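2 protein chains.
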Amino acid sequence: MTTTPRDRLLDAAGELFYREGVGVGVDALCKAAGVSKRSMYVLFDSKDELIAASLDRRAPGYDAALLPPGGGTPRERILHVFRAQDGLTGQPGYRGCPLVATATELKDAGHPANAVARRHKQALTDFFAAEARAAGVADPDTLAAQLTIVFDGSGARAVVRAEPLAGLGVTTATALLDAAGVG
Amino acid sequence: MTTTPRDRLLDAAGELFYREGVGVGVDALCKAAGVSKRSMYVLFDSKDELIAASLDRRAPGYDAALLPPGGGTPRERILHVFRAQDGLTGQPGYRGCPLVATATELKDAGHPANAVARRHKQALTDFFAAEARAAGVADPDTLAAQLTIVFDGSGARAVVRAEPLAGLGVTTATALLDAAGVG
DNA sequence: CAAGGTGGAAACCGATCGGTTTCCTCGGCC
DNA sequence: GGCCGAGGAAACCGATCGGTTTCCACCTTG
């Protein structure tokens, strides 16, 4: 086994918590990771800490799947995120943004994983704000918040309807960009 | 006891499932409702059926809290929904749209409660579409879907950030209405 | 007053929960 | 070769899970 128990645990946790919810038992988790419960409780203080750590670890990969490569106009770079999301909603295992899903399941706002979700969701908003600023928008922070709302609302729609977005997120974001004068 | 066991069960289920998630145990549920498990399993085939039934029962109340009274322009009637939502996000127990939250927690798209969520979420979209049509919008169905996306995205924002919307949903919806020419 | 149905209290079922502990095997390092 | 830490297997803890069953107290109706 070339990977460490810690890596295997975080990977398995990230996938299982997203696919089946944070209610997944520690036994099933450790079995999927090929790690003993003993090791898990040596590496993490509690299941809650593992939830937070796995979300923190998974988020960068999630961002990478959404954010655009270098180059392109701000408008195109922003729309790239919504096009990427549209593609994700067409995949069979899609269950919404992992950050939003976790925050929704963990009713406690003080849960360590909730702080992780807030921080990473802010990263997407920051990306939108930077692009809006580059485009010379009058109020880039407001536009960034609005785009984030469209992003998460699109995810919710795909989950509730259990079907792909079919371009609705892209067109909604486009309407906001047009209204803000982002050419 | 003037209420029936069925009513007490549905009320307690609607509140507990929203406040603590669908993972709440049947024991705690029955205790809160003042109903024996025996009666619960006579009235409902399973916990899953109870989840669906409680969501179906509670949804009309949610709608009533959001939808506007009679009168007013389509634009005002639509914005009333977002203003009402803004107020809800400021309340201490707010945990997002119950329909979206339930659909997110129940990873199974075939769960009976998921069909209930889809149906009631469609009711909100239908309201938006009717108002958009009354306003003479070119594509009322698309605008209605976009407004629903903004509604659910706003709810997600309030949950992840654990703070009130502070008008962001209203301004985002306003931007879409302006873009669509809804005066 | 008697009969029958409603529904609560509580025991019970096997399984699983989060978490702890014991034991033992393995591989690297002196 | 002997030692020591890492880490897997599994027993164990009390509590709780979804679900079933038994028993009995109450109310209504005749």
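If you're matching them up, the sequences are chains A and R in order.
The first sequence: position 126 = 126 (this note's numbering), numbered continuously.
Just remember that this note's numbering sits 1000 ahead of the position in the second sequence, which is counted from 1.
In this text, a Cβ means the ideal position worked out from N, Cα and C, and glycines have one as well.
These numbers were taken from a predicted model, which means no experiment stands behind them.
Whether residue i touches residue j by CB criterion (7 Å)
| i | j | result |
| --- | --- | --- |
| A:L9 | A:A33 | yes |
| A:G87 | A:S54 | no |
| A:V81 | A:L99 | no |
| A:A175 | A:H120 | no |
| A:A156 | R:D1152 | yes |
| A:E131 | A:I78 | yes |
| R:V1026 | R:P1005 | no |
| A:A158 | A:T89 | yes |
| R:A1129 | R:N1114 | no |
Minimum C-alpha distance to residue i - residue among the options
| i | options | result |
| --- | --- | --- |
| A:G71 | A:V26, A:A134, A:L99 | A:A134 |
| R:R1057 | R:T1089, R:P1164, R:V1116, R:K1047 | R:V1116 |
| R:A1101 | R:G1167, R:V1160, R:V1026 | R:V1160 |
| A:E105 | A:G167, A:F128, A:I51 | A:I51 |
| A:F127 | A:D141, A:V26, A:R95 | A:D141 |
| A:L124 | A:G61, A:G90, A:P112, A:G110 | A:G61 |
| A:P112 | A:D11, A:L16, A:F44, A:V150 | A:F44 |
| R:A1109 | A:A103, A:Y94, A:K107 | A:Y94 |
| A:A64 | A:Y18, A:Q85, A:V137, A:K107 | A:Q85 |
| A:R83 | A:S154, A:E49, A:C30 | A:S154 |
| R:K1107 | A:P92, A:K107, A:R118 | A:P92 |
| R:V1150 | R:C1097, R:V1137, R:D1139, R:S1046 | R:C1097 |
| A:G183 | A:C30, A:E76, A:R118, A:L16 | A:E76 |
is_contact[residue i, chain A] using C-beta, thresh 7 Å
| i | result |
| --- | --- |
| R:Q1085 | no |
| R:R1119 | no |
| R:D1027 | no |
| R:I1149 | yes |
| R:R1006 | no |
| R:D1152 | yes |
| R:R1020 | Rather than Arg, the amino acid found at residue 1020 of chain R in this sequence is Glu. Answer yes: the Cβ-Cβ gap between R:E1020 and chain A drops below 7 Å somewhere. |
| R:V1159 | yes |
| R:G1014 | no |
| R:K1047 | no |
| R:K1184 | Nothing can be reported for residue 1184 of chain R, as the shown portion of chain R is limited to 1001 through 1183. |
| R:G1183 | no |
| R:G1090 | no |
| R:G1072 | no |
| R:A1144 | no |
| R:A1065 | no |
Minimum Cβ-Cβ distance from residue i to chain R less than 7 Å
| i | result |
| --- | --- |
| A:V115 | Just to set this straight, residue 115 of chain A is Ala in the shown sequence, not Val. A:A115 does not count as touching chain R. |
| A:A33 | no |
| A:M1 | Legend: pLDDT at A:M1 = 45, less than 50; position of this residue unreliable, no value from coordinates given. |
| A:G136 | no |
| A:A123 | no |
| A:A59 | no |
| A:A52 | no |
| A:A132 | no |
| A:A179 | yes |
| A:L9 | no |
| A:A129 | no |
Cβ-heavy atom distance, residue i to the ligand ATP, below 6 Å
| i | result |
| --- | --- |
| A:G90 | With respect to the ligand ATP, the structure shown offers nothing to examine, as it has no ligands at all. |
Next item on the list: Kindly confirm or deny that the region 162-179 of chain A and the region 1009-1025 of chain R touch, where touching means at least three C-beta pairs closer than 8 Å.
Entry: no
Check: Do the region 1057-1073 of chain R and the region 1037-1045 of chain R meet, that is, are 3 or more Cβ pairs less than 8 Å apart?
Finding: Below 8 Å, too few C-beta pairs join the region 1057-1073 of chain R and the region 1037-1045 of chain R to call them touching: fewer than three.
Next item on the list: Residues of the region 1163-1177 of chain R with a CB closer than 8 Å to any CB of chain A: list them in chain order, please.
Entry: L1168, G1169, T1171, T1172, A1175, L1176
Item checked: Any 3 or more C-beta pairs closer than 8 Å across the region 1133-1149 of chain R and the region 161-176 of chain A -> yes
Next item on the list: Could you name the residues of the region 1092-1105 of chain R whose beta carbon sits closer than 7 Å to any beta carbon of chain A, in the order they occur along the chain?
Entry: R1095, G1096, L1099, V1100, A1101, A1103, T1104, E1105
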